[in-house]
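Working notes, beginning with the structure itself.
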Amino acid sequence: MKNMQLPKVVCCLLVFSFLCLLQTESLLAWPVSGTDSQGQAYVIEQRPQRVVCLVPEISEILFAIGADDALVGITRHTVTPAAAAQKKVVGGFFAPGIKEIAALNPDFIFVADLHEEVRAHFQNKCRLLTLNVSGIDSAMERIELLGRIFGREEAARKVVAENRELLTLIARKVAGIPAEKRQRAVRIMGSESLMVPGDDSFQNDFIRAAGAIPPRFGENGKIISISPEQWRQFDPQVVYGCGGGKPAILEAAGGREVSAMQNNRFFSFPCDFTCRGGVNVGNFVAWLAARIYSEEFSDPAKQVRADQLLGEKTVAVDLPYVRRVRVVESSIRDFTNRTLLVDFKTPQTILSSLEGPRSKILTVGNHYYPAPTWGLGHDEGVEAMSRRTCAVLTQSPEDTSLLFTGADMDNLAISRQDFKEMTVYALVTAGVKSNAVRMGRDTGNFYEPGTINVLIFTNMQLSSRAMTRAMISATEGKTAALNDLDIRSSYSPNLPATGTGTDNILVVQGEGPAIDNAGGHSKMGELIARSVYDGVLQAVAKQNGITRERSISTRLGERHISLWRLLPDEMAGCNRGKAATIAQVERLLIDSQYAGFMAAAFAASDAEQAGLLTDLRAFGDWGRTVSSSISHTADSEWQHRFAPGDLPPVLAIAFESLINGVCAAETSPVAP
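This is the structure:
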């Protein structure tokens with residue numbers, strides 16, 4: 000009996016020891032000590048429990064390393080991942096709300112240099128930490144430090160390793176570019192004037208890591224102003240910015256007389272890549288290098304490694320004619336690609352919006368090209384892309400049909416809908432931040448396949464008629480999802496989007512009882528539309544972090560509305576300065592009452608833009624009521640704050656309601 004008990008005891012001891020090992024990293028993490036960027040010494044004795052983070056890239060790091068359980072408050076500038084929508088917004092990065100922060104009872108606040116008011120208010124109430132970065136190395140060190148602070152060291156090391164791997168790859172790829180071909184590059188930060196990062200900015204380190212030459216203007220700082228003479232003397236060959244179109248200064252005299260503008264070498268990237276030394280450093284450097292040196296990166300002879308398979312993982316899809324479903328990881332053009340592949344037991348007929356109808360297909364798929372490859376080899380065409388991809392995946396182009404996308408297969412959504420014996424799967428990837436359009440209103444200037452891609456499978460056999468009608472049902476489901484998310488056109492942000500300019504759908508005929516109708520009045524059409532609707536909601540959340548719960552301020556940004564740009568420096572009838580007024584408006588939009596008012600304004604504005612709402616007097620009356628509730632006075636003079644055309648009429652009324660209320664509250668006695 001004793002001999003029989005011994006193995007059990009040993010087993011229990013081994014399990015206990017293993018669990019202890021799992022906890023060792025956390026137990027050894029504290030105390031964490033050092034000196035922050037403000038020169039303040041700190042000793043952190045235990046894991047922070049209630050964190051407010053006013054620095055967006057630090058918030059993103061906390062999500063990436065799995066420390067977001069401690070995160071209770073963020074600014075409106077943190078929009079990814081999707082879980083950010085579940086955190087309390089305490090205002091904007093430039094003007095967070097003291098009351099909103101205090102209401103969360105934080106024990107730890109991450110602040111930037113500009114948050115002097117927050118620092119003064121909370122310095123004796125909780126821990127404050129400022130962690131600036133000066134370059135790529137310090138950005139990686141910050142990730143590792145946050146891993147120690149939150150007991151997530153292994154996860155932090157993994158994030159750093161992934162970034163380092165990409166940076167090493169780019170260093171190898173640009174090493175062979177001779178000095179005389181190295182490009183002078185600069186990040187433009189001003190719209191109406193020439194503003195760039197100072198010499199000591201981490202943004203110049205990004206340029207160096209991409210194999211290019213940053214300027215040295217003899218002045219340090221996060222943002223500095225330079226003269227047209229300095230601009231022309233540096234003569235950048237590449238200029239890049241963030242968040243949209245080309246800044247006006249680059250079209251004006253003084254800005255356009257440089258090589259980059261003469262050769263159409265202005266590039267725009269997402270602001271959360273260009274402006275943040277966080278989890279996307281490696282991705283951005285790779286993307287920047289690929290844009291600057293697209294010719295060199297397109298040359299197969301200059302690849303660092305051969306195209307090859309890297310691995311795969313299984314995906315669960317339960318249909319009798321499907322042999323297996325997997326996401327395959329590969330290296331193509333030196334960058335990691337991912338492909339969803341669905342293999343069939345018997346050849347299938349398919350209908351693809353990219354390739355048209357095809358028969359005898361054994362595999363369908365959706366292939367993700369990462370951002371650095373988007374500008375490489377475009378002159379080769381879709382057919383050449385497909386042949387090269389199939390060759391790497393060891394698939395025959397004759398019996399394989401692929402879609403292509405810039406949305407990552409790691410963000411694949413699998414949506415299943417059932418009714419009695421019917422089953423429908425929609426496998427969806429979606430990205431809507433840079434290519435969303437409103438068909439019928441926006442202009443189509445070019446073609447590039449695949450942002451919202453949908454693959455549809457059923458356990459029925461769809462006729463040719465049903466497959467064609469399934470395309471319409473799927474498109475309607477996709478558009479309904481975008482409308483319910485309030486996705487805006489990237490080209491006309493005052494208008495809701497109906498899709499992106501590069502969407503594709505692939506329908507598989509399937510096997511089972513025959514179905515001849517997949518339209519709106521059929522159960523099959525309903526299931527297809529529902530599965531696509533749900534799949535698009537999931538995929539957009541995974542890829543872009545966009546959910547219904549996102550803040551009003553985020554939705555304003557999606558409409559490209561900036562009060563900083565629209566309001567004059569001197570505001571009539573307002574004792575507050577411009578910055579203080581905008582800060583107070585941002586705080587109001589955190590309040591559910593005023594957020595609800597602005598959400599209603601969004602809906603009314605869409606109706607007005609569509610011609611469904613023509614009389615705005617009732618909305619104007621509501622706006623005056625809102626203004627009075629802010630100012631606590633009913634007799635303040637109404638000021639028109641925007642020039643005609645600056646904003647859609649409904650949104651102009653809504654913002655004037657908030658701004659006039661804020662200004663009247665400052666210039667008149669406030670009710671007790």
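Using this note's numbering, the first residue of the sequence shown is number 0, and each one after it goes up by one. In this text, a Cβ means the ideal position worked out from N, Cα and C, and glycines have one as well. Every value quoted in this text rests on a predicted model; they were computed, and no experiment measured them.
| query | result |
| --- | --- |
| Give the DSSP-derived three-state secondary structure of residue 273 in the structure shown. | helix |
| Indicate the three-state DSSP secondary structure (helix, strand or coil) for residue 677 in the structure shown. | In this structure the chain extends from 0 to 671, so residue 677 is not present and cannot be described. |
| I'd like to confirm the pairing. Which residues does DSSP put opposite residue 297 in its beta bridges? | Note: residue 297 sits in no beta bridge, so no partner. |
| Provide the residue span of the beta strand (DSSP E) that contains residue 186, from first to last. | 184–186 |
| From the DSSP output, in three-state form, read off residue 303 for me. | coil |
| Under 8 Å by Cβ, that's how I've got residue 408 and residue 326 pegged, so tell me the actual separation to the nearest angstrom. | 5 Å |
| Secondary structure at residue 398, three-state DSSP: helix, strand or coil? | helix |
| Can you name, in chain order, every residue of its own chain whose Cβ lies under 8 Å from the Cβ of residue 516, other than the five neighbours on each side? | 464, 465, 468, 523, 524 |
| Please state whether DSSP places residue 311 in a helix, a strand or coil. | strand |
| Does the beta-carbon of residue 346 have 16 or more other beta-carbons within 10 angstroms, so that it is buried, or is it exposed? | exposed |
| Check whether the Cβ of residue 655 lies closer than 8 Å to any heavy atom of the ligand HEM, and answer yes or no. | No copy of the ligand HEM appears in this structure; indeed no ligand is present at all. |
| Between which two residues does the beta strand (DSSP E) holding residue 40 run? | 40–43 |
| Let's test the definition: count the other Cβ atoms within 10 Å of the Cβ of residue 673 and tell me whether it reaches 16, buried, or not, exposed. | The first residue shown for the chain is 0 and the last is 671, placing residue 673 beyond what the model contains. |
| So is residue 365 buried or exposed if we call it buried at 16+ other beta carbons inside 10 Å? | buried |
| Here's the rule: buried if 16 or more other CB atoms are within 10 angstroms of the residue's CB, otherwise exposed. What is residue 329? | buried |
| What does a CB cutoff of less than 6 Å around residue 220 pick up in its chain, not counting 5 residues either side in sequence? | 197 |
| With residue 555 as the anchor, note down where its alpha helix (DSSP H) starts and where it stops. | 551–557 |
| Could you tell me the distance, in whole angstroms, from the CA atom of residue 130 to the CA atom of residue 144? | 10 Å |
| Report buried or exposed for residue 487, applying the criterion of at least 16 other Cβ atoms within 10 angstroms of its Cβ. | buried |
| Could you round the C-beta distance between residue 389 and residue 404 to whole angstroms and report it? I think they count as a contact, below 8 Å. | Wrong, their Cβ atoms sit about 16 Å apart, outside the cutoff. |
| Which residues does DSSP pair with residue 585 in a beta bridge? | Residue 585 is not bridged to any residue. |
| With DSSP as the reference, please indicate the residues paired to residue 192 in a beta bridge. | In the DSSP output, where bridge partners are listed per residue, residue 192 has none listed. |
| With which residues is residue 367 paired in a DSSP beta bridge? | 337, 404 |
| Given this structure, state the Cα-to-Cα distance separating residue 223 from residue 217, to the nearest angstrom. | 10 Å |
| Whole angstroms are fine: how far does the CA of residue 596 sit from the CA of residue 500? | 32 Å |
| Closest by CA to residue 270, which one among 213, 187, 455, 373? | 187 |
| For residue 584, count neighbouring Cβ atoms within 10 angstroms of its own Cβ and tell me buried if that reaches 16, exposed if not. | buried |
| My assumption, with CB atoms under 8 Å, is that residue 484 sits in contact with residue 575. Please give the rounded CB distance. | So it is not a contact: roughly 34 Å between Cβ atoms. |
| I'd like to know whether the C-beta atoms of residue 53 and residue 79 end up nearer to each other than 9 Å. | no |
| I'd like the list of long-range same chain contacts for residue 203, defined as Cβ closer than 7 Å, with 5 residues on each side in sequence excluded. | 196, 213 |
| Within its chain, find whatever has a CB closer than 7 Å to the CB of residue 563; leave out the 5 residues flanking it on each side and keep chain order. | 581 |
| Can residue 656 and residue 626 be called in contact, C-beta distance under 9 Å? | yes |
| Tell me the DSSP secondary structure of residue 159 in three-state form. | helix |
| Residue 76 to residue 236, Cα distance in whole Å? | 31 Å |
| Counting along the chain, where does the beta strand (DSSP E) carrying residue 505 start and finish? | 503–507 |
| Is it buried or exposed for residue 262, if we count other Cβ within 10 angstroms and need 16 for buried? | exposed |
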